[in-house]
Every structure is written in structure tokens, then in C-alpha cells.
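Participant: Per my numbering, the sequence shown starts with residue 115, numbered consecutively. Positions of the beta carbon are idealized from the N, C-alpha and C atoms, including for glycine. Every value quoted in this text rests on a predicted model; they were computed, and no experiment measured them.
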Amino acid sequence: MNAVLVVNSGSSSIKYQVIEEGSGARLAQGLVERIAERGAGRVVHTGSHGETIVDGDIPDHAAGFAAIVERFAETGTPIESLGIVAVGHRVVHGGSEFIAPTLIDDEVAERILELAELAPLHNPGHHAAIIAARAVFPELPHVAVFDTAFHQTMPEKAYTYAIDRELAAEHGIRRYGFHGISHSIVSRRAAQHLGRPLDSLKQIVLHLGNGASMCAIDGGRSVDTSMGLTPLEGLVMGTRSGNIDAGAIFHLLRRGVSVDEVDRELNKRSGFLGMTGTIDFRDVRAAAAAGDAAAQLAIEVYVHRARHYLGAYLAVLEGADTIVFTAGLGENGPDLRALICAGFEWCGLRLDPARNDARDSGTRVISAEGSQITVLVVPTDEEAEIAKQSTALVASLAE
Ligand code: AMP
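Here's what the structure looks like:
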């Protein structure tokens with residue numbers, strides 16, 4: 115039995131899953147949270163013996179991994195007994211150089227840290243976890259799987275910002291795109307579900323979670339996506355503004371708001387949170403239903419923006435075979451899906467209201483019989499994709 119330890123770490127948290135190769139079964143999973151917060155650390159671990167929660171100081175990521183190994187041992191399934199053959203690390207930003215899953219050595223780890231310049235909220239946490247995990251599991255291959263890599267197939271015209279070429283080159287300013295791990299697995303699963311070859315399909319994927327992005331995929335290759343240099347560009351999100359005139363930022367700076375405040379404002383206090391006071395779409399929906407005008411407007415802004423991109427990607431792809439909804443709101447928001455798809459009958463898109471409203475958690479078609487564009491809901495599974503890409507790389511290196 116072979117398995118992969120998948121690690122998705124932030125600056126103060128480590129999410130982990132042990133996934134069996136082939137079957138995709140979860141052998142264990144858990145979360146270390148509040149790293150470096152004195153007295154507030156916690157490990158929630160679910161293994162063969164159910165869930166355990168342990169509270170206690172976790173000063174850094176190294177202590178986090180030590181706590182994980184201890185949880186496995188103390189719950190009767192030592193981590194060494196699980197047949198782990200690789201550790202797959204999710205890395206948000208791989209810049210222009212990481213275009214595929216990459217075996218991590220000292221140099222790769224260092225580059226991931228250097229790329230923190232482009233992803234200050236994400237890459238430092240990944241780097242800390244990589245260093246700690248390599249120390250705990252020195253004998254295992256560690257693989258970095260990048261959220262940007264899938265979008266490295268975008269043509270230059272899609273990733274270039276219309277600014278001074280030298281300035282762009284000097285500072286690495288271009289569109290990279292994110293959520294690539296999700297866009298990749300979801301578009302492949304949609305093709306599998308339809309029994310169609312991936313390379314024959316033009317797909318538009320809407321990853322609508324707390325973070326949100328859309329992707330135009332031609333024959334399995336990303337040709338455009340809504341996130342840019344950072345995950346701030348594009349759709350309205352839980353706490354991010356998505357598209358905003360860069361002029362608004364200069365305006366705020368000139369009025370005395372600091373750079374860090376503007377950053378925090380647009381990344382952490384905008385989107386649904388900024389417009390309504392609540393991040394979660396379920397609360398926004400409930401408030402709108404109760405007559406809250408701000409919540410109603412927020413939903414309209416959200417849908418309007420998504421429809422902009424849907425129209426744009428129909429143009430970019432010159433039509434589409436499938437539209438795929440995924441992630442928290444995409445999988446669980448039939449009302450949002452209906453609003454986003456409404457009025458696209460002119461291009462042959464018709465939802466089936468009963469299919470769209472059906473309570474179902476699996477991959478499913480929600481368009482009407484005879485709709486020219488097939489609309490699907492496909493649950494995302496980024497961890498499974500990281501496990502798959504990690505084992506594929508390790509197997510190819512062993513050949
Ligand atoms: P994700 O980032 O993919 O985990 O998505 C998280 C978001 O999905 C939450 O903030 C919610 O707004 C939304 N979500 C999750 N479950 C539901 C649901 N049952 N109905 C509507 N929205 C949901």
C-alpha cells in the first residue's frame with residue numbers, strides 16, 4: 115500500500131491528509147492551527163480511531179509537524195505504518211519558473227521563499243512547512259505542487275499587463291493565475307463524467323469558494339483566468355474586492371491611507387465582508403432574503419462580475435462545450451448558479467431548474483436536455499490532485 119502525505123500550510127496553520135494511492139481513500143487528516151499564538155495552539159486529528167483534539171503551545175511549524183507525528187503515534191497508527199512514499203506540498207505561487215510539480219531540494223525551497231515577494235500571505239508559510247517537513251521526513255521525496263503552474267500555458271496576450279515592458283520585466287509584473295490545482299482536476303473530472311476526451315473540450319470553470327476565480331480551458335490547457343499577479347484580481351470574493359481601478363489605490367494612498375492598510379482593506383476587508391459585514395454566502399443570502407438592501411446589492415455585484423467573465427471567456431474560447439461550477443458556493447449555491455447562467459440562452463445555454471436545485475453532492479449535469487453547452491457541478495478535490503501529481507513525479511523520477 116502506497117500513500118501520500120499532502121500538506122497545505124499557511125503562516126499559522128498546517129492542514130494535512132494521508133491519501134492512499136489509487137483508491138484515493140483518506141487514511142487520516144487533520145489541522146494544526148494557531149501556530150505561534152501563545153497558549154492557543156490546537157491539533158485536530160482524524161484517523162482510524164476517530165477525531166482527537168489536543169490544545170497546547172505550537173511555537174513554529176517544526177513543532178506543528180512534531181505534534182502531527184505524535185498524534186499518529188498516540189492514536190495507535192504510527193505514521194510510519196501508512197506506507198507514505200511522498201510528501202506533496204501545495205504552493206500558491208511558483209512565479210514563471212515552476213511550470214510543473216517539482217522535487218524540492220534546498221535550492222527549490224529557497225526559490226519558494228524568494229517568491230514570497232509575489233505572494234507575501236502564502237509562500238512564507240509554505241516555506242516554513244517545507245523546511246519543517248523535510249527535517250521530520252528526510253528520507254521521503256518532497257514535491258511542490260503549484261497553484262500557478264496550470265496557467266503557465268496562457269498565451270502572452272492573456273498574461274501581459276499593458277504597462278512599460280521593462281518595468282514589468284524588472285518587477286515580474288504579469289498575470290500568473292491561481293487555483294490551478296482545482297481548475298485542473300475539475301476540468302479533467304468533467305471530461306471523464308461526460309466520457310469525452312479532455313483535449314476535445316472548451317471549458318469554462320468557475321471556482322467559487324471563499325477565494326474565487328474563473329478559467330477558460332481549451333483542450334485541457336488554461337488559456338485565460340481571472341486572477342492575476344496576485345489572487346486579488348477578478349471576481350468578488352469572501353474578503354477580496356476582485357477587480358478595482360488601480361486609480362482607487364493611488365487615491366487612498368494620497369488621502370493618507372498607508373500601503374499596508376490598503377492591502378489589508380482590499381484583501382481582507384472587501385468582497386462580501388466589505389459590502390455586507392459577513393463573509394459567508396449563506397449569511398449574505400439569508401440577509402438578502404430578509405430584505406437587507408446591502409446584501410441584495412452584494413449578490414448582484416457578485417453575479418454581475420461572474421457574468422462579465424462568462425461572456426469574456428465565451429469570446430476567448432469562441433464558444434464553450436461545458437461550464438463547470440466548483441468549490442463552496444459553486445457546489446452549494448443553486449441560486450447563484452441560476453443567476454449567473456440566466457440570459458445566456460442566446461448561446462445555447464439552458465439550465466434544468468430541477469437538476470440545478472437537486473440536493474446532491476457528486477459530479478452532475480445541471481443543464482437541460484438538449485442544451486448546447488453542458489453545465490456541470492464537479493466537487494473540487496485539491497488534495498487528491500496534489501497526491502496524484504506528487505506520485506506521478508516520483509514515479510517518473512524512479513524510471
Ligand atoms: P471554500 O473556500 O470552497 O471552502 O468555500 C467556502 C464558502 O462556500 C463559504 O464561505 C460559503 O460562503 C460557501 N458555502 C459553503 N457551503 C455552502 C452552502 N451549503 N450554501 C451556500 N454557500 C456555501
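Taking the Cβ atom as the reference point for each residue, do VAL508 and PRO255 lie within a distance shorter than 8 Å?
Facilitator: For VAL508 and PRO255, yes; Cβs fall inside 8 Å.
Participant: Within its chain, find whatever has a CB closer than 6 Å to the CB of ALA441; leave out the 5 residues flanking it on each side and keep chain order.
Facilitator: So the qualifying residues of the chain are HIS321, LEU322, GLY323 and THR494.
Participant: Buried or exposed: where does GLY208 fall if 16 or more other Cβ atoms within 10 Å of its Cβ makes it buried?
Facilitator: So GLY208 counts as buried.
Participant: Thinking C-alpha only, which one of ARG478, CYS461 and SER296 is nearest ILE487?
Facilitator: The shortest Cα separation from ILE487 among ARG478, CYS461 and SER296 belongs to CYS461.
Participant: Considering only the beta carbon of each residue, do GLY286 and HIS265 sit closer than 8 Å?
Facilitator: No, Cβ-Cβ distance for GLY286 and HIS265 is not below 8 Å.
Participant: Here's a check: name, in chain order, each residue in its chain whose Cβ is nearer than 6 Å to the Cβ of ALA305, leaving out the five neighbours to either side.
Facilitator: Only LEU312 and LEU315 meet the Cβ criterion.
Participant: The alpha helix (DSSP H) with ALA142 in it runs from where to where?
Facilitator: Element bounds for ALA142: not the alpha helix (DSSP H) but the beta strand (DSSP E), 140–147.
Participant: Could you tell me whether any non-hydrogen atom of the ligand AMP is closer than 7 Å to the CB of LEU227?
Facilitator: LEU227 Cβ: outside cutoff for every heavy atom of the ligand AMP.
Participant: Under three-state DSSP, which class holds LEU463?
Facilitator: Three-state DSSP puts LEU463 in coil, outside helix and strand.
Participant: Pull up the distance between the alpha-carbon of ALA426 and that of CYS455, whole angstroms please.
Facilitator: Each residue's Cα considered, the two are about 14 Å apart.
Participant: When you measure from the CB of PHE186 to every non-hydrogen atom of the ligand AMP, does any distance come out below 7 Å?
Facilitator: Incorrect: PHE186 has no Cβ contact closer than 7 Å to the ligand AMP.
Participant: Give the list of continuous beta strand (DSSP E) stretches no shorter than 3 residues that lie fully inside the segment 310–387.
Facilitator: Runs of the beta strand (DSSP E) inside the segment 310–387: 316–322, 326–332 and 335–339.
Participant: Along the chain, where does the alpha helix (DSSP H) containing ALA498 start, and where does it finish?
Facilitator: It spans 496–512 - the alpha helix (DSSP H) in which ALA498 sits, taken as one unbroken run.
Participant: For PHE260, write down the residues that DSSP places opposite it in a beta bridge.
Facilitator: Answer is VAL205, bridged to PHE260.
Participant: Just to confirm, are ILE172 and ILE149 a CB contact at a threshold of 8 Å?
Facilitator: For ILE172 and ILE149, yes; Cβs fall inside 8 Å.
Participant: Determine the DSSP secondary structure at THR274, reduced to helix, strand or coil.
Facilitator: Looking at THR274 - three-state DSSP - the assignment turns out to be coil, as it is neither helix nor strand.
Participant: What is the rounded straight-line gap between the Cα of VAL492 and the Cα of PRO345?
Facilitator: When rounded, the distance between both Cα atoms is 22 Å.
Participant: At which residue ranges does the segment 166–251 contain complete beta strand (DSSP E) runs of 3 or more residues, listed in the order of the chain?
Facilitator: Those beta strand (DSSP E) runs which fall completely within the segment 166–251 and span 3+ residues are 198–205.
Participant: From LEU511 to LEU229, what does the alpha carbon distance come to, in whole angstroms?
Facilitator: Rounded to the nearest angstrom, the two C-alpha atoms are 25 Å apart.
Participant: Looking at GLY447 and the ligand AMP, is the gap between the Cβ and the nearest heavy atom below 7 Å?
Facilitator: Within the cutoff, so yes.
Participant: By alpha-carbon positions, which one of VAL146, GLY405 and THR262 ends up nearest to SER340?
Facilitator: SER340 has its Cα closest to that of THR262, out of VAL146, GLY405 and THR262.
Participant: ASP394: beta carbon under 7 Å from a heavy atom of the ligand AMP?
Facilitator: Yes; taking the cut-off as 7 Å, the Cβ of ASP394 has a heavy atom of the ligand AMP nearer than that.
Participant: Cα-Cα, which of ARG473, GLU188 and ARG421 is closest to GLU445?
Facilitator: It is ARG473.
Participant: I believe GLN410 touches ALA420 by the beta-carbon criterion, under 8 Å. Please report the beta-carbon distance rounded to the nearest angstrom.
Facilitator: Not a contact, Cβ separation roughly 16 Å.
Participant: Might you give, ordered along the chain, the residues of its own chain that have their beta carbon closer than 8 Å to the beta carbon of GLU165, omitting 5 neighbours on each side?
Facilitator: The residues are VAL158 and HIS159.
Participant: Are there 16 or more other CB atoms within 10 angstroms of the CB of ARG369, so buried, or fewer, so exposed?
Facilitator: Exposed.
Participant: Does the distance from the CB of VAL222 to the CB of ALA501 come in under 8 Å?
Facilitator: Contact flag unset, no.
Participant: I'd like to know whether the C-beta atoms of SER336 and MET268 end up nearer to each other than 8 Å.
Facilitator: Yes, the pair counts as a contact, with Cβ atoms nearer than the cut-off.
Participant: Which residues bound the beta strand (DSSP E) around TYR130?
Facilitator: Counting along the chain, the beta strand (DSSP E) containing TYR130 begins and ends at 127–134.
Participant: Once you ignore the five residues that flank ARG383 on each side, which residues in its own chain have a CB closer than 7 Å to its CB?
Facilitator: Taken in chain order, the residues that qualify are THR353.
Participant: Inspect the beta-carbon positions of VAL489 and LEU453 and report whether they are closer than 8 Å.
Facilitator: Cβ atoms of VAL489 and LEU453: not closer than 8 Å.
Participant: Looking only at C-alpha atoms, which of PHE179, VAL132 and GLY153 sits nearest to GLY161?
Facilitator: Comparing Cα-Cα distances from GLY161 to each of PHE179, VAL132 and GLY153, the minimum goes to VAL132.
Participant: Measure from the alpha carbon of LYS129 to the alpha carbon of each residue in GLY202, ASN116 and ILE198, then state which is nearest.
Facilitator: For the residues GLY202, ASN116 and ILE198, the minimum Cα distance to LYS129 belongs to GLY202.
Participant: Can you give me the C-alpha to C-alpha distance between HIS175 and ALA246, rounded to a whole angstrom?
Facilitator: Cα-Cα distance, rounded: 6 Å.
Participant: Assuming ALA498 and GLY138 make a contact with CB atoms under 8 Å, what is their CB distance in whole Å?
Facilitator: With a Cβ gap of about 5 Å, ALA498 and GLY138 count as contacting.
Participant: Please report how far the alpha carbon of ILE198 lies from the alpha carbon of PRO215, in whole angstroms.
Facilitator: When rounded, the distance between both Cα atoms is 18 Å.
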